[in-house]
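Visitor: Structure incoming, see below.
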Amino acid sequence: MFDTLEGYIQPGTVEAELVQQIDFTRLPVHVAIIMDGNGRWARQRNLPRTEGHKAGSEAVKEVVEASARLGIKYLTLYAFSHENWKRPPDEVNTLWGLLHRYLSEESRVLMENDLKLKVIGDRKGIPYPVRRELARVERLTRGNRRMTVVLALNYGGRQEIIRAIKKLLGRGKIKEIDEEIFSRYLDTAGLPDPDLLIRTSGEMRLSNFLLWQSAYTELWITPVLWPDFRKKDLFMAIIDYQKRERRFGGIQPVEKSGRS
Ligand code: IPE
Ligand code: IPE
Ligand code: MG
């Protein structure tokens with residue numbers, strides 16, 4: 007069981023020092039992560055890219071646990087983009103295989119820790135065995151409340167917006183449309199917008215991630231490659247986030263998170 011941070015963080019460590027700097031009354035509600043740099047991590051070690059992805063799945067487990075223990079309510083992980091199909095079939099197969107394994111192995115951990123799984127992205131394009139496993143774990147964890155782990159799979163922000171428009175058009179005569187109504191047709195319906203978006207490996211771009219939802223998200227980019235990302239990096243991102251002044255276009259700082 008992931009308890010609180012007690013016992014998880016050893017006194018006198020860098021992590022303990024960082025945790026002391028976190029204001030737990032002002033945590034980001036929703037943290038989203040572009041988990042990038044697996045291939046470069048492997049190349050640095052003269053390993054095949056697929057080894058980087060394997061190491062990356064270990065980082066996923068650590069970040070899920072650390073986020074839940076901190077009290078984050080939503081954690082979104084960009085795991086496979088709509089454009090990642092351009093990669094060699096071997097690499098694509100490894101990525102889906104790892105995902106399948108993660109779901110099978112971690113569904114128990116999700117249940118034990120009251121974590122809910124949700125998928126965003128175009129499900130129809132997800133290989134069938136993975137899609138079936140996703141549906142199983144989503145069903146299984148439906149009633150869990152502590153934190154929602156959102157996996158972005160076969161996901162692209164532009165494609166999501168187009169799918170939303172198609173759904174809207176399918177409903178026949180549209181009398182009214184505004185931001186709130188439109189949001190209900192996105193894959194992220196019901197989720198607050200991300201407060202903090204982390205990208206690893208130093209790339210300064212969104213790569214088609216949460217284009218609509220990240221309008222006022224705080225960005226935090228680290229050169230650390232995803233397989234090396236640890237809880238201390240998550241703590242650093244949150245500390246930096248808490249130093250920012252979010253104005254949402256106004257002139258006064260706004261102490262709020264999410265869409266409402
Ligand atoms: C991120 O690492 C994982 C996925 C995109 C699925 P990359 O595989 O993109 O690693 P780099 O960017 O080539 O180093
Ligand atoms: C973004 O990383 C997608 C995921 C992390 C799943 P990419 O490695 O695919 O992005 P680009 O190609 O460098 O923009
Ligand atoms: Mg990359």
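All letters in the sequence shown, in the order written, are residues 7 to 266 by the numbering used here. Beta carbons are placed, not taken as given, at the ideal position from N, Cα and C, and that holds for glycine.
(1) State the Cα-Cα distance for the pair Tyr80 and Gly58, rounded to the nearest angstrom.
(2) With H, G and I counted as helix, E and B as strand and the rest as coil, what does DSSP make of Thr147?
(3) Return the chain-ordered list of same chain residues with a C-beta closer than 8 Å to the C-beta of Glu21, the five sequence neighbours on each side being excluded.
(4) I'd like to check one pair, Trp226 with Leu197: are the Cβ atoms closer than 9 Å?
(5) Just how far apart, CA to CA, sit Phe86 and Arg49?
(6) What did DSSP end up calling Met117 once you bin it into helix, strand or coil?
(7) Less than 8 Å between the CB of Arg253 and some heavy atom of ligand 2, yes or no?
(8) Using only the heavy atoms of ligand 3, determine whether one of them is closer than 8 Å to the beta carbon of Asp42.
(9) Quick one: residues in its chain with C-beta nearer than 7 Å to the C-beta of Ile245, no 5 flanking neighbours on either side, listed in chain order?
(10) Can you list, in chain order, the residues of its chain with a C-beta nearer than 6 Å to that of Ser207? Leave out the 5 residues immediately preceding and following it.
(11) What span of residues does the beta strand (DSSP E) with Arg205 cover, start to end?
Guide: Once the coordinates are examined:
(1) Taking the sequence shown and counting its residues from 1, one reaches residue 80 at position 74. Taking the sequence shown and counting its residues from 1, one reaches residue 58 at position 52. Rounded to the nearest angstrom, the two C-alpha atoms are 25 Å apart.
(2) Counted from its first residue, the sequence shown places residue 147 at position 141. In the structure shown, Thr147 sits in a helix (DSSP, three-state: H, G or I).
(3) One-based indexing of the sequence shown puts residue 21 at position 15. The residues are Ile15, Lys237, Lys238 and Phe241.
(4) Residue numbering aside, residue 197 sits at position 191 when the sequence shown is read from its first letter. Residue numbering aside, residue 226 sits at position 220 when the sequence shown is read from its first letter. Contact: no.
(5) Taking the first residue of the sequence shown as position 1, residue 86 is located at position 80. Taking the first residue of the sequence shown as position 1, residue 49 is located at position 43. Going by the C-alpha atoms only, they are around 20 Å apart.
(6) By 1-based counting over the sequence shown, the position of residue 117 is 111. Met117 falls in the helix class under three-state DSSP.
(7) On the sequence shown, residue 253 is found 247 positions in, with the first residue counted as 1. Checking the Cβ of Arg253 against ligand 2 gives no.
(8) Here residue 42 refers to the residue found at position 36 when the sequence shown is read from its first residue. At least one heavy atom of ligand 3 is nearer than 8 Å to the Cβ of Asp42, so yes.
(9) Residue 245 sits at position 239 when you count from the first residue of the sequence shown. A distance below 7 Å between beta-carbons, with the five flanking residues on each side excluded, links Ile245 to the following residues of its chain, in chain order: Leu24, Gln27 and Ile28.
(10) Taking the first residue of the sequence shown as 1, we reach residue 207 at position 201. These residues qualify, in order along the chain: Asp42, Gly43 and Leu231.
(11) On the sequence shown, position 199 is the one that residue 205 refers to. Per DSSP, the continuous beta strand (DSSP E) segment holding Arg205 begins and ends at Leu202 to Arg205.
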